[in-house]
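Participant: In our numbering, the protein residues as written are 181 to 325. Where is the CB? At the ideal position from N, CA and C, for every residue including glycine. Since we're looking at a predicted model, the values are computed, not measured.
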Amino acid sequence: MICSFLPCLSWLLCNRVWKSRRDLRITLYIRSRKWNVTKLQNLDIKNKYKKNIAQKLNEIDPSPDTELEWDNLKHIINDVAHDEVGVRKNTKNAGWFDEEFRKSIKAKNEARKKCIIRDTRTSREEYIKRRNEARKICRDKRNDK
Numbered sequence: 181m182i183c184s185f186l187p188c189l190s191w192l193l194c195n196r197v198w199k200s201r202r203d204l205r206i207t208l209y210i211r212s213r214k215w216n217v218t219k220l221q222n223l224d225i226k227n228k229y230k231k232n233i234a235q236k237l238n239e240i241d242p243s244p245d246t247e248l249e250w251d252n253l254k255h256i257i258n259d260v261a262h263d264e265v266g267v268r269k270n271t272k273n274a275g276w277f278d279e280e281f282r283k284s285i286k287a288k289n290e291a292r293k294k295c296i297i298r299d300t301r302t303s304r305e306e307y308i309k310r311r312n313e314a315r316k317i318c319r320d321k322r323n324d325k
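#1: Measuring straight from C-alpha to C-alpha, what distance separates Lys283 and Asn273?
#2: Three-state secondary structure (DSSP) at Val217?
#3: List the endpoints of the continuous alpha helix (DSSP H) containing Ser284.
#4: Work out the CA separation of Thr218 and Asn270 for me, nearest whole Å.
#5: For Val260, which of helix, strand or coil comes out of DSSP?
#6: Any idea if Leu193 is buried or exposed, counting beta-carbon neighbours within 10 angstroms, 16 or more meaning buried?
#7: Since Glu264 and Ile225 should fall inside the 8 angstroms C-beta cutoff, what is the C-beta to C-beta distance between them, to a whole number of angstroms?
#8: Residues in its own chain within less than 8 angstroms of Lys327 by CB, not counting five upstream and five downstream?
#9: Look at the alpha carbon of Lys316 and the alpha carbon of Ile297, and state the distance between them as a whole number of angstroms.
#10: Among all the DSSP beta bridges, which residues are the ones paired with Val267?
#11: Can you tell me whether Trp191 is helix, strand or coil according to DSSP?
#12: To the nearest angstrom, report how far apart Asp320 and Ile308 are at their CA atoms.
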């Protein structure tokens with residue numbers, strides 16, 4: 181009797197594993213905010229941040245559900261940090277990612293879309309040409325930096 185359920189059981193287990201892997205892949209790509217923590221070195225902003233967190237924590241009602249409590253705490257901290265501290269700006273590519281590079285990437289993407297829609301020799305050659313131009317501009321900008 182147990183042997184007749186084994187294929188069904190193994191199928192269910194495999195589907196469960198694949199579903200959890202798929203969920204894991206989806207959650208890996210969520211970008212987190214990077215707070216501008218250098219603002220907290222200013223004592224006025226630091227005290228205002230502490231005061232606002234304490235005030236919002238006192239406003240919420242305690243609930244018996246711990247998941248709800250953690251979720252509330254997370255939202256309070258994130259909201260106050262967004263208001264008081266702010267998000268750090270990405271300056272990693274600021275030196276070389278300029279308008280010229282942006283235009284070349286846009287032209288490359290448009291050529292790629294044309295190549296995907298209608299895969300002909302000329303559209304493929306156009307895409308390869310635009311891709312090589314974008315790579316060259318990127319390489320030159322990074323080396324000049």
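Facilitator: Walking through what the data contain:
#1: What you label residue 283 is simply residue 103 of the sequence shown in a count that begins at 1. What you label residue 273 is simply residue 93 of the sequence shown in a count that begins at 1. Taking the straight line joining both Cα atoms gives about 16 angstroms.
#2: Residue mapping note: residue 217 aligns to position 37 of the sequence shown, counting from 1. Val217: helix per DSSP, three-state reduction.
#3: Within the sequence shown, residue 284 is the residue found at index 104, counting from 1. Boundaries of the alpha helix (DSSP H) harbouring Ser284: Glu279 to Ile297, taken from the DSSP string.
#4: What you label residue 270 is simply residue 90 of the sequence shown in a count that begins at 1. What you label residue 218 is simply residue 38 of the sequence shown in a count that begins at 1. C-alpha separation (whole angstroms): 14 angstroms.
#5: Locating residue 260 in the sequence shown gives position 80, counting from the first residue. In the structure shown, Val260 falls within a helical segment according to DSSP collapsed to helix, strand and coil.
#6: Here the question's residue 193 lines up with position 13 in the sequence shown. Bear in mind that the predicted position of Leu193 carries a pLDDT of just 43, short of 50, making it unreliable; the figure below should be weighed with that in mind. By the neighbour-count rule (16 or more Cβ atoms within 10 Å), Leu193 is not buried but exposed.
#7: As a first step, residue 264 is located in the sequence shown; it is residue number 84 there, counting from the start. As a first step, residue 225 is located in the sequence shown; it is residue number 45 there, counting from the start. That pair is a contact at about 6 angstroms.
#8: The shown model of the chain, from 181 to 325, leaves out residue 327, and the question about it has no answer.
#9: The count along the sequence shown starts at 1 and reaches residue 316 at position 136. The count along the sequence shown starts at 1 and reaches residue 297 at position 117. Rounded to the nearest angstrom, the gap between the Cα atoms of Lys316 and Ile297 is 26 angstroms.
#10: Within the sequence shown, the letter at position 87 stands for residue 267. Paired residues: Trp215.
#11: Taking the sequence shown and counting its residues from 1, the one referred to as residue 191 is at position 11. Per-residue confidence for Trp191 stands at a pLDDT of 44, beneath the threshold of 50, marking its modelled position as unreliable; the derived number appears in the next sentence. The answer is helix: DSSP assigns Trp191 an H, G or I state.
#12: Taking the sequence shown and counting its residues from 1, the one referred to as residue 320 is at position 140. Taking the sequence shown and counting its residues from 1, the one referred to as residue 308 is at position 128. Ile308 has its alpha-carbon roughly 18 angstroms from the corresponding atom of Asp320.
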